[in-house]
Amino acid sequence: MRIIIAKPILAILPVFVLIPITLQITKDIHMGGLYNITKFIISAVNPSINQSIIRSSLNGIQVTLFIAIISWSLSVVFGIMLGLLSSDIFYKIIDINPKLSKAIKIILSIPRATHELIWGLLLLQFFGLKPWIAIVSIVIPYSCLMARVFSEQINQIDITTIIAIKHNGASKFGVLITALLPKIIPLISSYGYYRLECAIRGATALGIFGLGGIGTELQLTIQSLEFRDMWTSLWLLFITIIILEKIVHSLQSPNLYQNNIGLYSLLNIIVLISSLIISIIMLQKLGLDIFSPIKFHSFNFDYNQKIIIKNMSNLPWIKLFFETISMTVLSSSIAISVPPLLLMILPFRSLSFLIDIIFIFFRVIPSPLLLLLLLLCTTPSIYVAALALGIQNLGVMGRILKENIAKLDNCKYSAIRSVGASSSIGWFYGKFCSISNNYLTYSAYRSDVILRETIVVGAIGGVGLGWQLRESLSSFAWDEVLMITMAFILITLIGEALSRQFQNYLKKTNEQGLTVKT
800 MRIIIAKPIL AILPVFVLIP ITLQITKDIH MGGLYNITKF IISAVNPSIN QSIIRSSLNG
860 IQVTLFIAII SWSLSVVFGI MLGLLSSDIF YKIIDINPKL SKAIKIILSI PRATHELIWG
920 LLLLQFFGLK PWIAIVSIVI PYSCLMARVF SEQINQIDIT TIIAIKHNGA SKFGVLITAL
980 LPKIIPLISS YGYYRLECAI RGATALGIFG LGGIGTELQL TIQSLEFRDM WTSLWLLFIT
1040 IIILEKIVHS LQSPNLYQNN IGLYSLLNII VLISSLIISI IMLQKLGLDI FSPIKFHSFN
1100 FDYNQKIIIK NMSNLPWIKL FFETISMTVL SSSIAISVPP LLLMILPFRS LSFLIDIIFI
1160 FFRVIPSPLL LLLLLLCTTP SIYVAALALG IQNLGVMGRI LKENIAKLDN CKYSAIRSVG
1220 ASSSIGWFYG KFCSISNNYL TYSAYRSDVI LRETIVVGAI GGVGLGWQLR ESLSSFAWDE
1280 VLMITMAFIL ITLIGEALSR QFQNYLKKTN EQGLTVKT
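Using this note's numbering, the first residue of the sequence shown is number 800, and each one after it goes up by one.
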């Protein structure tokens, strides 16, 4: 028997995971913590206006913002270079064996699969607390992630155009500029600027783990239950994200790109370089010397094969893998299904601004911080960790969904509404159905990101490989740290491969539904 699941339904169906999550959290909830949660919510409209708190929050925001901008700028530069080097077309242009690109892709897959938190915790152990650690921790995986996206887009360029340009006598450099630049500049502008917000979230999360910035401010306020002080920092972070979105939107003008690609490219280069220089200068003025000398902290790694094997066998590997994968599935289900369901239930234009605010706040509040808030009123579990991670990522998915919906015309929606259908039905069939395939494609990619982020919430929530990594680091069990890191990289690469297969399937199929054999 075959069951046909329409793609729009497939995107909303995972929302049912909220039933077991809600039941379990309701069962574990304790009334004492509800007072703190209520206090946290009320404090949102009554943040602290104490001058010392505002100055401290502003300082933290600046540190996080400038670290994120430096990390982002370097990631874009390295991402472009590595993206070219790992693309097949690049080697066809310069007439070198393209097998080298496959080797580079394999090499880049390992740092790409390692979350910035892992890099941060490891570098912190080796070099101590240094301002540049947060930057390097973000640059390494982000550069490789951008390289993957850029190389995939470069490889989609029609090779006949390149051959024609080469036959006309153009130099190799000329072919690169003429054939590749017009194709990758829009991608660099759209995806590159998107990674800036990701870098801010990453820098904030690293701060929660002691690497400075607004994340450290948030961590201290939640530990002392000073929610008014916390909301001062959160509001400033929220305002910063809004301002950055407006600036980025103005820099992504399609008219400028279409009319003058040279000017558009020059503008983006100027923004990139000036942002990097200004951020470095500002960090120096804030007292953070990112050029401080490197001092390696020696550590003892006693390589004894028998002891390592014994220690590895003592770890509950099945439990750790199960918790990590379960967290990923539950979080992905929440992040993917809730945004379209929310927009379908509340399709009214008058509520659009309110929904935007909700999505932004969910994106801004770091999942580790949200998890700490939830743990004030419930006990640690996979469900609590998954809920915290899912809430932050549904903010990201909601933004992507709204942006894609906004690009559609209202012809189909108006036609469905004209025959008496409700606003919700009109939105679902007139808008969401048209982009459900693209939404599911991005959802597959987002599941990769969520899998990487389980290491963060796991380290706080007491579940999965993240928690075991933190425990092993605390006890300086370097053999365990090495094996856990390798295990996490392995499941991340497997998840990435499965996600890519699903994305390829969605791109190939033009049917309205997915066929499931039972």
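Ideal Cβ positions, reconstructed from N, Cα and C, are used throughout, including at glycine.
Keep in mind it's a predicted model, so treat the numbers as computed, not measured.
Between the Cα of residue i and those of the options, spot the shortest distance and give me the residue it belongs to.
{"i": "Pro807", "options": "Lys1084, Ile1224, Val1128, Tyr1182", "result": "Ile1224"}
{"i": "Ile866", "options": "Ser1271, Gly1014, Ile906, Ala912", "result": "Gly1014"}
{"i": "Arg1198", "options": "Cys1210, Phe1160, Leu1172, Thr1178", "result": "Phe1160"}
{"i": "Asn1001", "options": "Ile869, Leu1145, Leu1200", "result": "Looking at the sequence shown, residue 1001 is not Asn but Gly. Of Ile869, Leu1145, Leu1200, the residue nearest in Cα terms is Ile869."}
{"i": "Met1282", "options": "Ser908, Ile820, Ile917, Ile824", "result": "Ile917"}
{"i": "Ser885", "options": "Arg854, Phe877, Leu899", "result": "Leu899"}
{"i": "Lys929", "options": "Asn858, Ser1131, Leu1010", "result": "Leu1010"}
{"i": "Leu1036", "options": "Thr863, Gly1229, Leu1140, Leu883", "result": "Thr863"}
{"i": "Gln1267", "options": "Ser1136, Ile1117, Gln1191, Asp957", "result": "Ile1117"}
{"i": "Ser988", "options": "Ser1023, Met945, Ser847", "result": "Met945"}
{"i": "Ser942", "options": "Met880, Thr825, Asn896, Leu979", "result": "Met880"}
{"i": "Ile1290", "options": "Thr1253, Trp1277, Gln823", "result": "Thr1253"}
{"i": "Thr1039", "options": "Pro1139, Asn858, Ile893", "result": "Asn858"}
{"i": "Ser1151", "options": "Tyr1182, Glu1202, Pro985", "result": "Glu1202"}
{"i": "Ile1249", "options": "Gly1263, Asn1192, Gly1261", "result": "Asn1192"}
{"i": "Glu996", "options": "Asp1278, Ala1205, Ile983, Ser872", "result": "Ser872"}
{"i": "Pro985", "options": "Ser936, Trp1034, His1048", "result": "His1048"}
{"i": "Trp1277", "options": "Pro846, Phe925, Leu833", "result": "Phe925"}
{"i": "Ile961", "options": "Ile906, Asp894, Pro940", "result": "Asp894"}
{"i": "Ser1125", "options": "Asn845, Ile828, Ala1185", "result": "Ala1185"}
{"i": "Ile853", "options": "Asp827, Leu1017, Asn1113, Gly1260", "result": "Leu1017"}
Quick check on DSSP: helix, strand or coil for residue i?
{"i": "Ala963", "result": "helix"}
{"i": "Ala1276", "result": "coil"}
{"i": "Ala1220", "result": "coil"}
{"i": "Asn954", "result": "coil"}
{"i": "Ile811", "result": "helix"}
{"i": "Met1081", "result": "helix"}
{"i": "Gln1300", "result": "helix"}
{"i": "Leu1313", "result": "Unreliable placement is indicated for Leu1313, whose pLDDT of 39 sits below 50; the coordinate value is still reported in the next sentence. Strand at Leu1313."}
{"i": "Lys806", "result": "helix"}
{"i": "Gly927", "result": "coil"}
{"i": "Asn1209", "result": "coil"}
Going by the CB atoms, is the gap between residue j and residue i shorter than 8 Å?
{"i": "Leu1272", "j": "Val1280", "result": "yes"}
{"i": "Arg1245", "j": "Gly1194", "result": "no"}
{"i": "Ala810", "j": "Ser1235", "result": "yes"}
{"i": "Gly741", "j": "Leu1005", "result": "The question about residue 741 has no answer here: the residues shown for the chain are numbered 800 through 1317."}
{"i": "Tyr990", "j": "Val938", "result": "no"}
{"i": "Phe1275", "j": "Met1143", "result": "no"}
{"i": "Thr776", "j": "Thr1284", "result": "There is no way to answer for residue 776, as the model of the chain reaches only from 800 to 1317."}
{"i": "Ser1298", "j": "Ala1258", "result": "no"}
{"i": "Gln861", "j": "Met1029", "result": "no"}
{"i": "Leu856", "j": "Ser1032", "result": "Checking the sequence shown, residue 856 turns out to be Ser, not Leu. Yes, they are a contact pair."}
{"i": "Val1256", "j": "Leu1170", "result": "yes"}
{"i": "Ile888", "j": "Ile818", "result": "no"}
{"i": "Val1262", "j": "Glu1044", "result": "no"}
{"i": "Tyr992", "j": "Leu1050", "result": "yes"}
{"i": "Thr1240", "j": "Gln1300", "result": "no"}
{"i": "Ser1166", "j": "Leu1188", "result": "yes"}
{"i": "Leu979", "j": "Leu1119", "result": "no"}
{"i": "Ile1156", "j": "Leu1145", "result": "no"}
{"i": "Leu923", "j": "Val935", "result": "no"}
Which two residues bound the contiguous alpha helix (DSSP H) that contains residue i?
{"i": "His1048", "result": "1026–1050"}
{"i": "Thr1178", "result": "Element bounds for Thr1178: n/a, residue is neither H nor E."}
{"i": "Phe1161", "result": "1151–1163"}
{"i": "Asp1247", "result": "1232–1260"}
{"i": "Asp1088", "result": "Unbroken run through Asp1088: none, as it is neither H nor E."}
{"i": "Gly1014", "result": "1013–1022"}
{"i": "Ile1093", "result": "Premise fails: Ile1093 is in no alpha helix (DSSP H) and is neither H nor E."}
{"i": "Leu1170", "result": "1166–1173"}
{"i": "Val816", "result": "Run containing Val816: none; DSSP gives neither H nor E here."}
{"i": "Pro1139", "result": "1116–1144"}
Every unbroken alpha helix (DSSP H) inside the region 838–918 [4 residues or more]: 850–884, 887–893, 898–912
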